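Since the structure comes first, as structure tokens, the remarks are kept for the end.
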Amino acid sequence: MDSIAERQYSLSASEVEAFRRDGFLIARRLASRQTCEALLAVAREQLEQGVQPLEYEADLGYPGAPASREAEGGRTVRRLLQAYSRDPLFRQWATSPPLSGRLMQLLGARVMLVPAHHNCVMTKHPRFGSLTGWHQDIRYWSFERPELVSVWLALGEEHEANGCLWVVPGSHALQLPRSRFDDALFLRENLAENRALIAGRTPVELQAGDVLFFHCRLLHCAGRNETEQVKFSVVFTYRTAGNLPLSGTRSASLPSIPVG
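Here it is as structure tokens:
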């Protein structure tokens, strides 16, 4: 995979401060055009061939998803799972200096990739791609501390029409009681205090090669894809070496991978 020539592998002090304040940071054109094209080609091929493991929209039952795998659109793929193991190109990107250097600044210590969470190619299809409600990724993760950072690479344009992410800046720093979430740990949008909170939302609009770094406690959601083209994104999650997964949980089901 091509390196990103003449680009520093670090964040400025103001960028680090922005991440601390907002819970997310966008690094524009962090991945080269060649990198994005190569990753997209692999993702398209494996999606077309149905290379397992896959997650289907019908299995999750989110709003807009097919009712079952036997229903129309029931074989619509939501995620190509275990991206790190799928192809050397994904491994090279996940451990590349442009990521590892920035992650060390954001996390403050030696960085480990967490293969049990995210570690996927996200696809959002027209018609059968579902809507994802407001949530925090840490809801189903089990670590000593809720201090993880996910890295979202856009392989093409991401905007409101094709189901880009939305985030609530600063929400990673809030201590929200369990009562403000439903049984599946999505934010209850029928509550006045939650409606007021998400009124401060902003879309994360990206171009190919743009990277979103976001905190595991950041509230975010995603709309549906109203275009005719499938949207592709690559997502990995990282922790520090000292922030261990809790024994016996899904978070500890796969060994973490040193980065950098």
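First residue of the sequence shown? That's 0 in numbering that gives the first Met the number 0, and the numbers climb one at a time after it. For each residue, glycine too, the CB sits at the ideal point set by N, CA and C. Values in this document were obtained by computation on a predicted structure and should not be read as measured data.
Reference Tyr139, options Gly222, Arg126, Thr248, Gly72, closest by Cα: Thr248
What residues in its chain sit with their C-beta under 6 Å from that of Phe127, if we drop five residues either side in the sequence? Glu56, Pro65, Gly72, Thr75
Give me, in chain order, the residues of the same chain whose beta-carbon lies closer than 6 Å to that of His171; leave out the 5 immediate sequence neighbours on both sides. Gly22, His214, Arg216, Leu217
Can you have a look at Ser9 and say buried or exposed, based on whether 16 or more other CB atoms are within 10 angstroms of its CB? exposed
Report all residues from its chain with a CB closer than 8 Å to the CB of Met111; omit the five preceding and five following residues, and keep chain order. Tyr237, Arg238, Thr239, Ala240, Ser255, Ile256, Pro257, Val258
Which value, in whole angstroms, describes the spacing of the CA atoms of Val199 and Ser232? Checking the sequence shown, residue 199 turns out to be Gly, not Val. Spanning the two alpha carbons is a distance of roughly 25 Å.
Just the C-alpha distance for Ala195 and Pro114, rounded to the nearest angstrom, thanks. 35 Å
Would you please state the rounded distance, in angstroms, between the beta carbons of Val166 and Val203? I believe it to be under 8 Å. 6 Å
Label Thr201 either buried or exposed according to how many other C-beta atoms from any shown protein chain fall within 10 Å of its C-beta, with 16 as the threshold for buried. exposed
Integer Cβ distance of Leu154 from Leu38, believed to fall under 8 Å: 6 Å
Quick one: measure Cβ to Cβ for Leu29 and Asp209, integer angstroms, because I've assumed they're closer than 8 Å. 7 Å
Residue range of the alpha helix (DSSP H) that includes Glu192: 191-197
At which residue ranges does the stretch 135-179 contain complete alpha helix (DSSP H) runs of 4 or more residues, listed in the order of the chain? none
Asp182 to His134 span [Cα, whole Å]: 12 Å
Report the residue from Thr34, Val15, Ile137, Ala93 whose alpha carbon sits nearest the alpha carbon of Leu245. Ile137
Based on Cα-Cα distance, which residue from Leu175, Leu205, Arg101, Glu54 lies nearest to Glu192? Leu175
In three-state terms, what does DSSP make of Cys215? coil
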